[in-house]
Amino acid sequence: MNSNNIITYLVSFLFILHLPFHSNYAFSESTYTPIEIANPVFTTKGVNEIPYTIKAASGIQRGDDLELFEIEGKIKNRDNIWIYLNADKGNYNQISQVVFLFKNIEVYTDNKERLISDEAIIDLQKDIITLLSNVEYEDQNNRIKSDKSVITDNFQNFQYFGNVRTNINSYYYE
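Residue numbers (the numbering used here): 241 to 414.
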């Protein structure tokens with residue numbers, strides 16, 4: 241064997257031995273150790289921020305993402321109306337301030353407005369609530385069912401999509 245072949249084999253051998261160390265290092269940088277949290281509470285009340293509180297019976301934190309269980313929350317919109325929510329499970333990203341909710345979702349206000357859904361996405365920065373799958377809205381006089389609903393403009397603008405069914409009772413006073 242000539243010296244060039246020996247050096248090539250030696251460098252290749254060292255490279256192959258060194259490769260698993262780099263892949264383990266890269267893998268460990270991209271994953272987070274899950275941290276269990278009892279009764280997590282997340283709140284904000286800044287000068288130009290919408291005040292909100294999200295709390296849960298328990299949670300698991302992985303980096304900036306939190307998986308939450310038995311969730312309760314309240315969000316004050318720009319018209320100073322409190323919007324309350326409950327869900328069995330959800331995920332909350334602290335950086336984007338987006339909450340994904342799953343199972344037994346209920347959103348309601350002090351004005352006797354109530355929404356239920358199978359899934360929801362709440363964007364706290366954009367003040368948008370998107371309800372997905374089996375959406376039902378109910379107030380004192382109306383009932384609306386749909387596949388999806390998007391709520392914007394401080395809980396004032398409701399859009400319904402897909403298989404929309406309504407029952408609207410109007411009362412006229414003279």
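We put the beta carbon where it would ideally sit given N, CA and C, even for glycine. Note that the coordinates shown come from a computational prediction; the quantities given were computed from them, not determined experimentally.
Which of helix, strand or coil DSSP assigns to residue i
i	result
L364	coil
D358	strand
G299	strand
N397	strand
K352	coil
F267	Low local confidence applies: a pLDDT of 44 at F267 is under 50, so the model's placement there is unreliable, with the coordinate-based value given in what follows. F267: helix per DSSP, three-state reduction.
G402	coil
N344	strand
N317	coil
Paired residues, beta bridge with residue i - DSSP
i	result
A327	I311
N407	R383
Y332	L306, V339
E276	I300
Beta-carbon proximity list for residue i, same chain, < 6 Å, skipping 5 on both sides
i	result
I361	F340, T370
R405	K385
Q365	Q337
N382	I408
F282	I294
A297	F309, E310
I391	I369, F398
D363	V338
E276	I300
I345	A327, S357, A360
Residue nearest to residue i in terms of C-alpha spacing, selected from the options
i	options	result
A278	L306, I290, D387, Y292	L306
K388	D304, S373, F395	S373
W322	T406, V404, D367, S386	D367
Q334	I294, T273, N409, I391	I294
F309	K316, I315, G299	G299
V347	D363, G313, N331	G313
I315	I290, K343, P280	I290
R302	T284, P274, P280	P274
Close Cβ partners of residue i (< 8 Å) along its chain, the five nearest in sequence each way excluded
i	result
N351	I321, D379
N394	N317, R318, D319, I321, D367
T349	I321, W322, I323, Y324, F395
Proximal residues to residue i (C-beta, below 7 Å), its chain only, five neighbours per side dropped
i	result
D304	N333, Q334, I335
N403	S386, D387
Y272	R302, G303
S268	Caution applies to S268, whose pLDDT of 43 falls short of 50 and renders its modelled position unreliable; the value that the coordinates give is listed next. Contacts found: none.
H262	Since pLDDT at H262 reaches only 44, below the 50 mark, its modelled position is unreliable, and the value read off the structure follows with that caveat. Result list for H262: empty, nothing under 7 Å.
Count Cβ pairs between the region 337-357 and the region 374-389 that sit closer than 8 Å; are there 3 or more? yes
Report yes or no: do the region 390-399 and the region 327-339 share at least 3 C-beta pairs separated by less than 8 Å? no
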